[in-house]
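*Asks:* Structure below; questions to follow.
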Amino acid sequence: MVTANDTSSNGQNDLIYSVQQQQQYDDIDPDYENTPDAIPQILDLDLRGTRVKLDRETLVSLPESLLIAMFPNGLVLGRRDPSTYDSSEEDEYDEESEEHEQQEQNRGEHSASTDDSLTTFVDFDATCLRYVLDFYRQAQEVRDHQQDVESIFASTPAAQYYPSLLEKQPIIVLREELEYYCVVSSKKKESHEKVKLAAGEYLKHHDQVFAALQKNIARENNVAEQHLIDMLCDAGFSREDSWGHRQLEPNKTCIVSMSLVLLKTTGPDNHMATAQKLLLFWRKPARKCWWDGNTVEINEEPVRLWARRTWTLELALI
Numbered sequence: 023m024v025t026a027n028d029t030s031s032n033g034q035n036d037l038i039y040s041v042q043q044q045q046q047y048d049d050i051d052p053d054y055e056n057t058p059d060a061i062p063q064i065l066d067l068d069l070r071g072t073r074v075k076l077d078r079e080t081l082v083s084l085p086e087s088l089l090i091a092m093f094p095n096g097l098v099l100g101r102r103d104p105s106t107y108d109s110s111e112e113d114e115y116d117e118e119s120e121e122h123e124q125q126e127q128n129r130g131e132h133s134a135s136t137d138d139s140l141t142t143f144v145d146f147d148a149t150c151l152r153y154v155l156d157f158y159r160q161a162q163e164v165r166d167h168q169q170d171v172e173s174i175f176a177s178t179p180a181a182q183y184y185p186s187l188l189e190k191q192p193i194i195v196l197r198e199e200l201e202y203y204c205v206v207s208s209k210k211k212e213s214h215e216k217v218k219l220a221a222g223e224y225l226k227h228h229d230q231v232f233a234a235l236q237k238n239i240a241r242e243n244n245v246a247e248q249h250l251i252d253m254l255c256d257a258g259f260s261r262e263d264s265w266g267h268r269q270l271e272p273n274k275t276c277i278v279s280m281s282l283v284l285l286k287t288t289g290p291d292n293h294m295a296t297a298q299k300l301l302l303f304w305r306k307p308a309r310k311c312w313w314d315g316n317t318v319e320i321n322e323e324p325v326r327l328w329a330r331r332t333w334t335l336e337l338a339l340i
């Protein structure tokens with residue numbers, strides 16, 4: 023288990039830690055949207071061959087952990103397809119792009135309409151983004167039908183500084199990156215490749231959200247990890263839930279999973295106290311990492327399968 027930056031004495035900080043500091047918005051230029059480098063109203067994205075048009079408002083409302091995965095180097099508009107060049111060409115391409123952009127500016131041809139027509143290539147799974155967008159639409163429909171329900175933010179200091187939050191629907195976002203490693207006795211290279219593919223499918227189909235963490239709790243009797251499961255189940259998850267999205271990454275021994283649930287604030291057990299705790303993860307994604315390993319039967323051969331799981335937890339608003 024990896025921990026860092028303990029900021030309080032409660033149990034959850036023994037389990038997960040903040041990976042991004044609270045952003046400050048006091049210095050934002052009100053005329054930012056009118057600058058040449060502003061994000062256009064509609065972005066044309068190419069996600070591994072799948073074209074997606076995404077409006078700016080939806081983009082900025084996406085979970086931060088998802089945005090980091092989609093744009094690890096920041097949003098670069100009009101970036102060409104990464105499959106058409108290798109890393110040794112990237113610096114040269116950047117210089118050419120800057121020179122071309124300067125020429126366009128000198129001719130006065132740079133405009134918002136030009137930006138809107140750019141296609142930005144993103145090395146990210148389109149089905150994962152679609153899952154998130156579909157859930158966002160469902161969450162908005164739920165919020166529209168519950169206008170008479172008091173917002174979770176009404177009794178918090180956040181309502182004073184961010185009154186618009188009273189109209190938002192809170193969503194719990196849980197993301198897992200699972201990197202796996204196979205130890206096999208066979209010395210044939212072809213056998214190793216087949217085992218890796220088969221092991222990925224094996225892990226992909228074992229898709230219960232809390233199964234691996236519960237196994238780790240049973241082995242180490244970790245109270246903080248049990249507290250995390252209890253908190254998430256009080257807030258909206260079920261102990262038998264499966265991942266909403268779970269997919270192997272192409273050409274990698276890695277599986278990415280995501281689950282989104284509406285934050286529960288009412289019920290017979292009064293879930294408000296747990297919901298208030300999860301407000302701490304709004305704009306502050308938190309991360310937990312651990313290893314697990316076991317011996318499984320892959321292609322009629324015993325394989326020692328190690329998995330490094332990284333969870334990211336945050337609260338999003340829509």
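Note that this note's numbering numbers the sequence shown so that position 81 is 103, with each residue one more than the last. Idealized CB from N, CA, C, for every residue including glycine. Predicted model only: the values in this text are computed from it and were never measured.
#1: What do you get for residue 320, buried or exposed, if any count of 16 or more other CB atoms within 10 angstroms of its CB means buried?
#2: Do residue 277 and residue 199 have their C-beta atoms closer together than 9 Å?
#3: What span of residues does the beta strand (DSSP E) with residue 141 cover, start to end?
#4: What is the DSSP secondary structure of residue 134, reduced to helix, strand or coil?
#5: Determine the contact status of residue 267 and residue 150, defining contact as a CB-CB distance below 9 Å.
#6: How many Å lie between residue 255 and residue 165 at the Cα?
#7: Alpha helix (DSSP H) containing residue 267: first to last residue?
#8: Excluding the 5 residues flanking residue 313 on each side, which residues of the same chain have their C-beta closer than 6 Å to its C-beta?
#9: Would you mind working out which of 328, 334, 324 and 96 sits nearest residue 144, comparing C-alpha positions?
#10: What is the DSSP secondary structure of residue 74, reduced to helix, strand or coil?
#11: What are the complete alpha helix (DSSP H) segments, minimum 4 residues, inside the stretch 211 to 253?
#12: Output yes or no for whether 9 Å exceeds the beta carbon distance between residue 192 and residue 337.
#13: Taking C-alpha atoms, which residue in 310, 316 and 326 lies nearest to residue 335?
#14: Return the chain-ordered ranges of every beta strand (DSSP E) run that is complete within the stretch 253 to 333 and spans a minimum of 3 residues.
#15: Helix, strand or coil for residue 97, going by three-state DSSP, please let me know.
#16: With distance defined between alpha-carbon atoms, name the residue in 247, 223, 69 and 82 nearest to residue 61.
#17: Would you mind sorting residue 233 into buried or exposed? The rule is 16 or more other CB atoms within 10 Å of its CB.
*Replies:* The relevant details are as follows:
#1: Only buried fits residue 320, as 16 or more other CB atoms lie within 10 angstroms of its CB.
#2: In this structure, residue 199 lies closer than 9 Å to residue 277 by Cβ.
#3: Element bounds for residue 141: 141 to 144.
#4: For residue 134, the predicted model reports a pLDDT of 39, less than 50, meaning its position is unreliable and no value from the coordinates is stated.
#5: Against a cut-off of 9 Å, the Cβ pair of residue 150 and residue 267 comes out as a contact.
#6: Cα atoms of residue 255 and residue 165: separation of roughly 21 Å, rounded to the nearest angstrom.
#7: Segment 267 to 270 is the beta strand (DSSP E) holding residue 267; no alpha helix (DSSP H) there.
#8: 330, listed in sequence order.
#9: It is 96 whose Cα lies nearest to the Cα of residue 144.
#10: In the structure shown, residue 74 sits in a strand (DSSP, three-state: E or B).
#11: Here the runs fully enclosed are 211 to 227 and 233 to 242.
#12: Yes, the pair counts as a contact, with Cβ atoms nearer than the cut-off.
#13: Ranking 310, 316 and 326 by Cα distance to residue 335 puts 310 first.
#14: Here the runs fully enclosed are 267 to 270, 276 to 284 and 308 to 320.
#15: Residue state, collapsed to three classes: coil.
#16: Closest by C-alpha distance to residue 61, out of 247, 223, 69 and 82, is 82.
#17: Here residue 233 is exposed. Its C-beta has fewer than 16 other C-beta atoms within 10 Å.
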